[in-house]
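> Numbering (this note's numbering), first residue to last: 73 to 621.
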């Protein structure tokens with residue numbers, strides 16, 4: 073099924089190669105070439121103009137959305153409504169061409185498009201079978217993917233306002249990535265020769281992360297090979313992009329050269345290859361007004377990359393909270409495509425919602441409900457904000473007049489209020505606020521799994537999985553345990569360790585801040601040891617004892 077992570081050869085090789093490439097090439101980038109010329113022909117629908125993705129009416133369109141693993145979870149197409157309810161304007165849908173996974177049929181793809189349109193989402197369709205070609209022997213070619221799209225032309229034609237064709241996902245691994253350029257150009261030209269007028273998206277080599285700068289160096293020639301000029305580049309940002317400088321340098325190079333680009337996939341949680349800097353990715357995308365599509369809604373083998381667990385929007389993870397409701401997140405920045413009515417002549421705002429009332433308040437969550445607003449056209453949804461003095465922070469969004477706010481801290485006072493909004497983007501006056509004080513953290517609703525991943529003379533790597541066995545999310549946690557043999561923690565990811573003698577306390581990183589009910593977070597560390605390296609025998613979470621295992 074889906075890989076847990078994107079992993080170029082290793083963190084060390086990736087970082088060294090990226091650094092060498094920048095030094096040797098003198099930061100070679102598309103900006104070194106002349107800016108992309110405006111083509112003479114443009115598609116009737118979504119198309120590229122002056123280096124930017126625009127709609128058929130010429131309005132700028134900036135993708136803000138997520139990826140959805142449809143081909144592996146064909147019965148979860150209802151997730152598109154949930155994705156839209158969180159504020160997204162775009163969804164990237166995983167399909168298969170039959171080379172590696174069972175091909176999605178024409179009728180299925182037609183249904184996907186119809187559901188995207190019904191939920192007012194621009195739909196990026198991608199073939200996943202190409203992932204890691206040249207390194208993964210199971211991967212298919214871009215030429216095979218192009219043939220698949222041609223076979224679907226009857227259901228894709230006429231949908232240029234609503235869909236983008238992403239020829240193939242991460243269509244080259246780390247083996248001879250320079251080989252990516254010619255097949256990419258050939259696939260683009262094959263689709264154009266077949267009469268496709270849609271905007272086409274192409275992914276980078278190096279498992280999408282382009283750490284050897286192949287797409288960056290050849291982007292101008294690839295773009296020029298598209299006779300319509302309706303081509304957009306997609307970079308996937310995972311552990312290779314773990315510093316602000318790497319992210320801003322890469323994205324600015326394309327924007328400066330007027331070569332269209334978006335972040336087609338990205339992750340935030342750290343792994344053994346590094347800690348992606350999602351804050352800079354999202355902030356830079358907002359600054360440059362380019363798109364981003366987070367990986368992924370649900371269904372990952374390792375749920376650390378799930379935005380919601382079990383395809384249930386009520387089980388939003390800390391990663392999901394970051395993407396939808398955090399700074400520069402989807403709820404804050406997404407604007408619906410005007411083809412669905414956004415940007416209409418409607419200028420009348422909805423009436424203010426009624427003051428919210430709170431119920432089912434736990435240590436980390438509270439249910440809020442309020443009297444619905446009215447509007448001359450129709451209320452599209454509600455935004456719930458935390459009010460603190462003169463500042464507001466968006467904490468939730470809902471299409472109904474109720475919502476469960478999660479990720480709260482135990483025994484803490486909050487003030488919440490609500491705004492209503494319509495499809496044209498008009499926002500109501502703010503409702504009156506409600507005060508809520510969360511309960512104390514319930515004791516004993518946790519289990520901890522500790523294991524040694526590897527050992528060497530004088531040192532070892534450990535991993536701690538903390539599971540919330542309770543019925544409500546835990547936020548702002550502190551884990552405590554004691555080493556018996558003089559072990560010390562020297563470096564940790566997923567959390568921050570403090571140690572006094574053998575006693576260790578761990579507090580969360582931003583992306584492990586909340587442990588959903590029934591969910592878990594994992595922290596890893598490097599430690600030093602002597603001849604004996606016994607595992608800790610007892611753990612507490614926020615002072616309450618946890619079960620081992």
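All C-beta atoms, glycine included, are put in the ideal place defined by N, C-alpha and C.
Residue 438: buried (16+ other C-beta within 10 angstroms of its C-beta) or exposed?
buried
> Since residue 400 contacts residue 358 with CB under 8 Å, what's their CB separation in whole angstroms?
4 Å
> Just to confirm my understanding: we take residue 579, look at its own chain, exclude 5 residues before and 5 after, and list those with CB closer than 7 Å. What are they?
550, 567 and 568
> At what residue ranges does the region 171-203 contain a whole run of the beta strand (DSSP E), taking only runs of 3 or more?
194-199
> Kindly list the residues whose CB is nearer than 7 Å to the CB of residue 102, restricted to its own chain and excluding five residues on each side of it in sequence; keep chain order.
With a pLDDT of 37 at residue 102, under the threshold of 50, the modelled position of that residue is not reliable, and the figure given next carries that caveat. Within the same chain, 288, 291, 292, 325, 326, 329 and 331 come within 7 Å of residue 102 by CB-CB distance, once the 5 residues on both sides are set aside.
> Could you give the DSSP three-state label for residue 162: helix, strand or coil?
strand
> Do you know how far the Cα of residue 431 is from the Cα of residue 506?
11 Å
> Going by other Cβ atoms of all chains shown within 10 Å of its Cβ, with 16 needed for buried, is residue 563 buried or exposed?
Within 10 angstroms of the beta-carbon of residue 563 lie fewer than 16 other beta-carbons, which makes it exposed.
> Mark residue 523 as exposed unless 16 or more other C-beta atoms lie within 10 angstroms of its C-beta, in which case mark it buried.
Residue 523 should be labelled exposed.
> Thinking C-beta only, is residue 587 closer than 7 Å to residue 533?
no
> Secondary structure at residue 251, three-state DSSP: helix, strand or coil?
helix
> Report the three-state DSSP secondary structure of residue 546 (helix, strand or coil).
strand
> Go ahead and pull the three-state DSSP assignment for residue 238.
strand
> Pull up the distance between the alpha-carbon of residue 87 and that of residue 281, whole angstroms please.
Any answer about residue 87 is weak, because its pLDDT of 42 lies below 50 and its placement is not dependable; what the coordinates show is given next. About 12 Å.
> Among residues of its own chain, excluding the 5 on either side of residue 173, which ones have a beta-carbon nearer than 8 Å to its beta-carbon?
Answer for residue 173: 143, 144, 200 and 201, listed in chain order.
> Here's the rule: buried if 16 or more other CB atoms are within 10 angstroms of the residue's CB, otherwise exposed. What is residue 24?
Examination of residue 24 is not possible in this model, given that the chain is present from 73 through 621 alone.
> Please look up how many angstroms separate the CB atoms of residue 206 and residue 251, rounded, as I've assumed it's under 8 Å.
With a beta-carbon spacing of about 6 Å, residue 206 and residue 251 fall inside the 8 Å limit used to define contacts.
> Report yes or no: do the region 212-227 and the region 238-258 share at least 3 C-beta pairs separated by less than 8 Å?
Yes, the region 212-227 touches the region 238-258.
> With distances taken from CA atoms, which of 189, 175 and 197 is nearest residue 165?
197
> Extract the residue ranges of the beta strand (DSSP E) inside the region 239-324, only unbroken runs of 3 or more that lie entirely within it.
272-275 and 303-309
> At what residues does the beta strand (DSSP E) containing residue 613 begin and finish?
611-613 is the span of the beta strand (DSSP E), which, as asked, contains residue 613.
> Which residues bound the alpha helix (DSSP H) around residue 396?
Per DSSP, residue 396 is one residue of the alpha helix (DSSP H) stretching across 390-397.
> Whole alpha helix (DSSP H) runs in the region 338-366 with 4 or more residues, listed along the chain?
350-360
> Tell me, which residues are paired with residue 602 by DSSP?
In the DSSP output, where bridge partners are listed per residue, residue 602 has none listed.
> So what's residue 620 in DSSP terms, helix, strand or just coil?
strand
> Going by C-alpha distance, which of 123, 129 and 181 is nearest residue 146?
Minimum Cα-Cα distance from residue 146 among the listed residues 123, 129 and 181 corresponds to 181.
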